[in-house]
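Counting from 73, one number per residue, gives the positions in the sequence shown under the numbering used here.
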Amino acid sequence: MLSHPKNRKIFKWAAIIAGGLLLLGGALYFYFATLTHDDTANLKVDYNVEAIPFIREFEKDYQAANKKYAEKIISVKGIVTATEPADTTINIKMTDTITGSYLIFAFQDQDMAQAKNLKPGDEAVIKGSCSDGIYSEILGTYFVSFKRSTIENN
């Protein structure tokens, strides 16, 4: 079947296209696998907020708040209500004790030791990239997650 010149030409083009797509896929994978972010400590803050009013803004209209804050660098001042160690990382929470809604911060590797020193009741200013706010129908609360966080004071 491949002996016909037309079939060989189709096979040749199919092999060239498949090879090109494979190279493109490999290049995209390499790009995203090696993608790094600037150290949050060195980034300019887009918004300075207090934890509880910030949470309430998401409770009022989380879609508008997400549009305003998503992927922005936010500096949040508040009281640590919980620390959640997990393997090699730690998450810090600031919770509105009236509604149960909370902010949760995941830390960069270089800031992990400082984050592990925080305890519930400590006042802290934490800067991070706001991922988004989500409403949990199961819990009946909102939570706003931050990535690449760093502690501005301790």
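Glycine included, C-beta positions come from ideal geometry on N, C-alpha and C.
Exercise for the section: Decide yes or no for the touch test of the stretch 204-214 against the stretch 152-165: beta carbon pairs closer than 8 Å, at least 3 of them. Expected result: no
Exercise for the section: Out of E122, D118, D183, state which residue places its alpha-carbon closest to the alpha-carbon of S221. Expected result: Here residue 221 corresponds to residue number 149 of the sequence shown, with the count starting at 1. Answer by Cα proximity: D183.
Practice task
Quickly, what does DSSP pair L211 with across the bridge? List them, please.
Solution key: Your numbering for residue 211 matches position 139 in the sequence shown. Looking at the DSSP assignment, L211 forms no beta bridge with any residue, so it has no partner.
Exercise for the section: Just tell me which of S203, L175, T169, N79 has its CA closest to the CA of F233. Expected result: Nothing can be reported for residue 233: it is not among the residues displayed for the chain, which extend from 73 to 226.
Exercise for the section: Return the chain-ordered list of same chain residues with a C-beta closer than 6 Å to the C-beta of I124, the five sequence neighbours on each side being excluded. Expected result: As a working mapping, residue 124 is identified with position 52 in the sequence shown. So the list reads D168, once near-sequence residues are dropped.
Problem - Rounded C-alpha distance that separates V216 from G98 - result: Along the sequence shown, one-based indexing puts residue 216 at 144. Along the sequence shown, one-based indexing puts residue 98 at 26. Approximately 34 Å, taken between the alpha carbons.
Handout entry: Proximity to A178 [Cα-Cα], best of S203, F130, K132
Key = Locating residue 178 in the sequence shown gives position 106, counting from the first residue. Closest by alpha carbon: S203.
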